[in-house]
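This note's numbering applies: residue 62 is where the sequence shown begins, and numbers increase by one.
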Amino acid sequence: MSRTPRWESGLTGWLAGVLGIVVLVCNFLRLSKDSAEILTNGSVSFLLIFFAGRVILGEVKDARKLKYVGVNGHWHRCHHLLRDLTSFLEAQRSMLHISGGADAPIDIDSVRARVQSVLAAVLSELASAYSLLSGTSCRTAIKAVYMETKLHVYALARDNNSMSVNYRQDLERFAKHQDPIEENDDFCDLYWRYGPLQRFFFCNDLTMRRNYKNTSFKVYGSPPQNVELKDRIWSYLGIKKIWPLPYRSTMVWPIQQRESPELSLKEIGCLGFLAVDSEACNAFNKSLDFPMGASVADALFQPLRIYGSIARHGVAGIGDKDE
62 MSRTPRWESG LTGWLAGVLG IVVLVCNFLR LSKDSAEILT NGSVSFLLIF
112 FAGRVILGEV KDARKLKYVG VNGHWHRCHH LLRDLTSFLE AQRSMLHISG
162 GADAPIDIDS VRARVQSVLA AVLSELASAY SLLSGTSCRT AIKAVYMETK
212 LHVYALARDN NSMSVNYRQD LERFAKHQDP IEENDDFCDL YWRYGPLQRF
262 FFCNDLTMRR NYKNTSFKVY GSPPQNVELK DRIWSYLGIK KIWPLPYRST
312 MVWPIQQRES PELSLKEIGC LGFLAVDSEA CNAFNKSLDF PMGASVADAL
362 FQPLRIYGSI ARHGVAGIGD KDE
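Take a look at the structure:
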């Protein structure tokens, strides 16, 4: 609310200062009346254009910040759902411990269905939040890590909209073990290349990333080589489709427990990844959009860890990462 008065007072001060300098220069150089008028008008015009640009840029940045007020509800529901899911899974695990793990008194398939439902709801809320922030259509997914001769990932859950589209494809990719971590730049960077020091993977234009590796190219086709500049421009504007993947901007966070010396916690490792993507280029703001996804990725760690310990009693789960 106070931005306009600040800009007005700042502009007034700058104009007064520049006009004073111009008067001094004109007197010192003894310029003619016409020359002095041209210099004065040019200086004032430049300042007005400069400040107008600053104001517009500031308003654009503020507009995105203000959008976070609108997404707080989605963000809160993500954590609300994950809190309830953690409590539910703790209760289920307690029942397993009471029974000693044999003849488990819980319905594993029912637990899995409930977990999938809640995770889909969490991801749908997160997708809605990022869609509102970016003004584009965003998707979200949880990719879990598992071992099959080498480390792979599979789609544990997606937001409701993209789940209906990718369900059969995800089952096929899991059955064929099509997604090794080492063949995906985003997961490889977070799991191995930079490890826990890498906070997240960010790319606002995958079409311009050199030698980008992604196992989804096996499904959607490889990107074309030596694309002409005009075709890149048409692709960037969304007029011509040359990029095979259904997304061009992406952010990925590790779902992990890092070492905490304050609490004497050792690093447990990475259970999976939280990913959000958009069909548009430059959909995300690297500094502003990081915390929301990071907080959800952190909140996912405990329920996924507990679910993994329960799932190993009956169905495929989240890696062998539990105690």
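Each residue gets a CB set at the ideal place from its N, CA and C atoms; glycine is no exception.
{"Query": "Could you tell me whether the stretch 332-348 touches the stretch 176-195, where touching means 3 or more Cβ pairs closer than 8 Å?", "Result": "yes"}
{"Query": "In this structure, does DSSP put R200 in helix, strand or coil?", "Result": "strand"}
{"Query": "Would you please state the rounded distance, in angstroms, between the beta carbons of P315 and T147? I believe it to be under 8 Å.", "Result": "Incorrect: roughly 19 Å between the Cβ atoms, too far for contact."}
{"Query": "Taking H140 and A358 to be in contact with their CB atoms under 8 Å, please state how far apart those CB atoms are, rounded to whole angstroms.", "Result": "In fact, because the Cβ distance is near 12 Å, the residues do not count as touching under 8 Å."}
{"Query": "Tell me the DSSP bridge mates of I110?", "Result": "In the DSSP output, where bridge partners are listed per residue, I110 has none listed."}
{"Query": "Can you tell me whether DSSP reads L306 as helix, strand or coil?", "Result": "coil"}
{"Query": "Can you tell me whether DSSP reads A377 as helix, strand or coil?", "Result": "For A377, the pLDDT reaches just 39, beneath the cut-off of 50, and the residue's location in the model is therefore unreliable, leaving the point undetermined."}
{"Query": "Indicate whether W136 and A190 have their beta-carbon atoms separated by less than 8 Å.", "Result": "yes"}
{"Query": "Just checking, does the stretch 261-275 make contact with the stretch 302-311 on the three C-beta pairs under 8 Å criterion?", "Result": "yes"}
{"Query": "To the nearest angstrom, report how far apart G354 and S348 are at their CA atoms.", "Result": "12 Å"}
{"Query": "Would you list the residues sitting across from K211 in a DSSP beta bridge?", "Result": "E209"}
{"Query": "Helix, strand or coil: which one does DSSP assign to C264?", "Result": "strand"}
{"Query": "Measuring alpha carbon to alpha carbon, tell me which residue in E233, D246 and Y252 is nearest C331.", "Result": "Y252"}
{"Query": "Quick check on DSSP: helix, strand or coil for C331?", "Result": "strand"}
{"Query": "Do three or more CB pairs link the stretch 317-331 to the stretch 276-284 at distances below 8 Å?", "Result": "no"}
{"Query": "By how many angstroms is the C-alpha of C249 removed from the C-alpha of V206?", "Result": "12 Å"}
{"Query": "Where do the ends of the alpha helix (DSSP H) carrying N221 lie?", "Result": "N221 to A236"}
{"Query": "Which word fits H238, buried or exposed, when buried means at least 16 other C-beta atoms lie within 10 angstroms of its C-beta?", "Result": "exposed"}
{"Query": "Evaluate F107 with the Cβ neighbour count: other Cβ atoms within 10 Å of its Cβ, from every protein chain shown; 16 or more gives buried, anything less gives exposed.", "Result": "exposed"}
{"Query": "Out of P241, L306 and A174, which has the shortest C-alpha to C-alpha gap to M208?", "Result": "P241"}
{"Query": "Take T210 and list the residues in its own chain whose beta-carbon comes closer than 7 Å to its own, dropping the five residues that flank it on each side.", "Result": "none"}
{"Query": "Within 10 angstroms of the Cβ of Y215, are there 16 or more other Cβ atoms? Answer buried if so, exposed if not.", "Result": "buried"}
{"Query": "Do you know offhand how far I303's Cα is from P284's?", "Result": "7 Å"}
{"Query": "Identify the residues that DSSP records as bridge partners of S321: which are they?", "Result": "L326"}
{"Query": "Would you mind working out which of L142, T276 and V172 sits nearest R154, comparing C-alpha positions?", "Result": "V172"}
{"Query": "Leaving out five residues on either side along the sequence, give the residues of the same chain with a beta carbon under 7 Å from the beta carbon of P66.", "Result": "Confidence is the limiting factor: at P66 the pLDDT is only 49, short of 50, which leaves the residue's position unreliable, though a coordinate-based value still follows. If we look at P66 and ignore the five residues flanking it on each side, it has no Cβ neighbours."}
{"Query": "Using the beta-carbon count (16 or more within 10 Å), is I371 buried or exposed?", "Result": "buried"}
{"Query": "Buried or exposed, going by whether 16 or more other CB atoms sit within 10 Å of the CB of I203?", "Result": "buried"}
{"Query": "Between the C-alpha atoms of N221 and L232, what's the straight-line distance to the nearest angstrom?", "Result": "16 Å"}
{"Query": "Which residue comes first and which comes last in the alpha helix (DSSP H) that contains L194?", "Result": "I169 to S195"}
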